[in-house]
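> For the sequence shown, the positions run 10 to 176 when our numbering is used.
Pasting a structure here, questions to come.
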Amino acid sequence: MGNFWSGRKSKKSSKETLEDLEDQIREAKRKRQQNLNSEKSFTAFLLLSSCVIYLIALILFYFYFFPTTLLERFINTSPLLIFPFVVYAVKRLLGILFAQRKERIENILKDLFVEKNKILDEVKENEPYKVAMELLQKYDPRQVMLPQPMAKGTLLFNICLFVCSCV
Numbered sequence: 010m011g012n013f014w015s016g017r018k019s020k021k022s023s024k025e026t027l028e029d030l031e032d033q034i035r036e037a038k039r040k041r042q043q044n045l046n047s048e049k050s051f052t053a054f055l056l057l058s059s060c061v062i063y064l065i066a067l068i069l070f071y072f073y074f075f076p077t078t079l080l081e082r083f084i085n086t087s088p089l090l091i092f093p094f095v096v097y098a099v100k101r102l103l104g105i106l107f108a109q110r111k112e113r114i115e116n117i118l119k120d121l122f123v124e125k126n127k128i129l130d131e132v133k134e135n136e137p138y139k140v141a142m143e144l145l146q147k148y149d150p151r152q153v154m155l156p157q158p159m160a161k162g163t164l165l166f167n168i169c170l171f172v173c174s175c176v
């Protein structure tokens, strides 16, 4: 008997589905912002720590390991010459990784917005007017067309004024 009832899950209402979608959209936007903050902090940490390490290595080399021959100087300074290129490569790699993560989050957001618009279109067609208006006002206020008062200077306002003055 338990198998009979467990297989019969009721379909979520439009309101519950839209609430779930809003939560997912909010979470994706939070992840996007967190990704941006992480990228900034990782890049700043990388540049700051690499500058400190480079300066320490430069000072150690100059005071303790300054060789006398030209070949020894070249061999000992080669890591100091290569280090900025390594830091630049690591910075570019971080940028690529964070860009891929950002693109993945943007695709998720785009899919969620498409699904939300599809559900809102279904709401407009299938739900009663009052329920549809409430959901549209809450989840997509741009689609709700509320009557706007006529502004002075519009053509319709001028026609109404002319007709009223003639009567």
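Even glycine gets a Cβ: it sits at the ideal position worked out from N, Cα and C.
(1) With DSSP as the reference, label D149 as helix, strand or coil.
(2) Kindly indicate which residue of Q42, T26 and K21 has the alpha-carbon position closest to the one of R110.
(3) Which residue marks the beginning of the alpha helix (DSSP H) containing T26, and which one marks its end?
(4) For S87, report the span of its alpha helix (DSSP H) as first-last.
(5) Which residue's Cα is closest to the Cα of S23: L55, R151 and N135?
If we stick to the structure as given:
(1) In the structure shown, D149 falls within a coil segment according to DSSP collapsed to helix, strand and coil.
(2) Among Q42, T26 and K21, the Cα nearest to that of R110 belongs to Q42.
(3) It spans S23 to Y73 - the alpha helix (DSSP H) in which T26 sits, taken as one unbroken run.
(4) Its alpha helix (DSSP H) spans residues L79 to N135.
(5) Considering only alpha carbons, the answer is N135.
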